[in-house]
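To start, the structure under review is shown below, and the notes come after it.
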Amino acid sequence: MTSTDAHEAAQEAAKRNLWLHFTRMSAYEDSDVPVIVRGSGPYVFDQHGKKYLDGLSGLFVSQVGHGRTEIAEAGARQASELAYFPLWSYAHPKAIELAARLADLAPGDLNRVFFTTSGSEAVESAWKLAKQYFKLTGEPTRYKVISRELAYHGTSMGALAVTGLAAIKHDFEPLAPGGVRVPNTNFYRAPDFLAGDEEQFGEWAADEIERAILREGPESVAAVYLEPVQNSGGCFPPPPGYFQRVRDICDRYGVLMVSDEVICAFGRLGYYFGSERYDYQPDIITFAKGVTSGYAPLGGMMVSDRLMEPFTAGTATFLHGITFAGHPVSCAVALANLDIFEKEDLLENVRANEAAFRATLEKLYDLPIVGDVRGAGYFYGIEMVKDKVTRETFSDDESERLLRGFLSQALFDAGLVCRADDRGDPVIQLSPPLICGQEHFDEIERILREVLTEAWNRL
Ligand SMILES: Cc1ncc(COP(=O)(O)O)c(C=O)c1O
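According to my numbering, the sequence shown is numbered sequentially starting from 944.
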């Protein structure tokens, strides 16, 4: 078979047998499915050998970059020694070692790790834990969860009920009951009466959580889910004081505070955990993605002894488990990944370079289409607008033409993997590997400038 034949056969099979996630399959009727075949550092390569800067770390995952043979070898060694054994009644050495290491890294008293295989499972596990915890501690009516508008917390039925993106929920209703929405911290789109005062905006947004708890009845609310920096909608950092105020509100009403750090943990914001950066103490942290940099799937939740306590005596059991959770290969890979974090001081790399990353992206403000550049660490969203002064956004039709019809493909063709997202107002999402530096920021800026200029000319 020639390489052209092999390429055509792969394309045919990709179109006939493979179902891509959150993808309009019709988009590939007349064009090739992009096939990424290998990666090296912050770059990936397609089936034709073309190189792309991975400006999204795959999907907010590849913290240490691609092609790290030491992680691959750690996984292979573990697979040879013990490929699989469940964490149901048994432990295995790498799960023990990883749990202890995560407990050392996590803020405050979060020292118990319940592993999962994914972020959605972590989010659902936290909800199930909250429900059962309250059943065991004499508050059996607490089951509702509060989360923020547009926030993405996963796609399985329970996690979807926590997710705040109406567009991806409707078709799957009825969902698990109990999901309650509150405003997010999009300061760029703050209500008029709060525009210009970020601190007051933060107080208002936190107090909206209190109002929701009171509206629903505190005795019915189990938990509040918040990302340190909300991804969906385009990177909303917390206003100053926001998390401290939410912590007080949760304490006042006995509601658990879940920090969903599936994206924000493991260096994305320059710290092992986003809650550390913003100086708040959650009751539960959910994580996934960067814990292994994607060399194997793993997620989990970390909880305090206080939450564990009702499960420690007699017949009490957390009635929940997942076959592949805490898979030995994934745990070995996570440990090797964390070794690289330490050896290469990746957290320091992010902290030392984040101002330069921001400054490089802010150069794009001279383009008429760039309305807001926001984020923290190596995690940024660029909101596109039709009018910078009025902040007018695009109509659905314009958004469709701009994002789906042009931008996504044009950015990829220009050699940048990032995400053009219109689940809220149209944004470009960036989340490069933590090994990146100025040369990569410049490459991102150059490509964005070229493609966004062209997008504006087409409007
Ligand atoms: C904050 C957050 N929570 C949960 C999830 C779900 O994770 P997974 O896709 O691993 O199920 C995601 C995925 O992007 C996420 O960003």
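Idealized CB from N, CA, C, for every residue including glycine.
Buried or exposed by the 16-neighbour rule on C-beta atoms within 10 Å, applied to residue i
i       : result
Arg1200 : At residue 1200 the sequence reads Met, which differs from the Arg that was named. So Met1200 counts as buried.
Glu1162 : exposed
Leu1025 : exposed
Gly1318 : buried
Ile1371 : buried
His991  : exposed
Arg1188 : buried
Which listed residue (the options) has its alpha carbon closest to that of residue i
i       : options                               : result
Lys1087 : Thr1060, Ala1166 and Phe1028          : Ala1166
Gly1010 : Arg1334, Gly1237 and Asp1340          : Gly1237
Leu1290 : Leu1307, Cys1379 and Glu1142          : Cys1379
Ser1005 : Pro1376, Ile1228 and Ala957           : Pro1376
Gly984  : Pro977, Thr1012 and Gly992            : Thr1012
Phe1186 : Asp1288, Asn1296 and Ser1202          : Ser1202
Asp1368 : Val1276, Glu1388, Ala1353 and Ser1338 : Ser1338
Pro1253 : Glu972, Gly1081, Leu1041 and Ala1094  : Gly1081
Asp1356 : Asp1330, Arg1401 and Glu1393          : Glu1393
Ser969  : Ser1061, Leu1373, Thr1106 and Lys958  : Lys958
Trp1031 : Gln1021, Phe1261, Asp1365 and Asp1140 : Phe1261
Phe1267 : Pro1240, Arg1124 and Arg1301          : Pro1240
Lys994  : Gly1358, Val1125 and Leu1041          : Gly1358
Arg1347 : Ser1063, Asp1365, Glu1335 and Ala1302 : Asp1365
Arg1158 : Asp1140, Arg1124 and Pro1181          : Arg1124
Arg1249 : Lys1329, Ala1148, Leu1079 and Glu1141 : Leu1079
His1263 : Glu1335, Tyr1308, Asp975 and Ala1069  : Ala1069
Gly1097 : Ala1259, Ser1090, Thr1106 and Arg1091 : Thr1106
Leu963  : Glu951, Pro977, Ala952 and Ala1277    : Pro977
Ala1299 : Asn1054, Asn1280, Gln1381 and Tyr1223 : Gln1381
Identity of the residues DSSP links to residue i by a beta bridge
i       : result
Thr1229 : Asp1203 and Met1244
Ile1371 : Ile1325 and Ala1363
Phe1057 : Met1244
Glu1335 : Asp1330
His1009 : Gly984
Lys994  : Phe988
Gly1122 : Val1088
Gln1173 : Phe1179
Ala1319 : Phe1322
Contacting residues, own chain, Cβ-Cβ under 8 Å from residue i (five flanking each side not counted)
i       : result
Ala1049 : Tyr1215, Phe1216, Ile1228 and Met1245
Ala952  : Met944
7 Å CB neighbourhood of residue i in its chain, flanking five on each side removed
i       : result
Leu1118 : Met1100, Leu1103, Ala1104 and Lys1112
Asn898  : Absent from the model: residue 898. The displayed extent of the chain is 944 to 1402, so no value can be given.
Gly1243 : Val1056, Phe1057, Phe1058, Thr1059, Ala1065 and Phe1230
Phe1430 : For the chain, the structure presents residues 944 to 1402; residue 1430 sits outside this window and is missing.
Ala1022 : Val1272
Residues of its chain near residue i, where Cβ-Cβ distance is below 6 Å and the 5 sequence neighbours each way are ignored
i       : result
Ile1312 : Met1327, Leu1395 and Trp1399
Ser1351 : Ala1363
Asp997  : Pro985, Val987 and Val1360
Ile1192 : Ile1152 and Glu1153
Item to check | Validate contact between the stretch 1112 to 1120 and the stretch 1191 to 1198 using beta carbons, cut 8 Å, 3 pairs | outcome: no
Checklist entry - Would you call the stretch 1314 to 1324 and the stretch 1204 to 1215 in contact, with 3 or more CB pairs under 8 Å? => result yes
Item to check | Three or more C-beta pairs below 8 Å linking the stretch 1288 to 1302 and the stretch 1338 to 1347 | outcome: no
Item to check | Stretch pair the stretch 1035 to 1051 + the stretch 1291 to 1307: three plus CB contacts closer than 8 Å | outcome: no
Next on the checklist: Assess contact between the stretch 1024 to 1039 and the stretch 1269 to 1282, defined as three or more Cβ pairs (one per stretch) separated by less than 8 Å. Is contact present?
Outcome noted: yes
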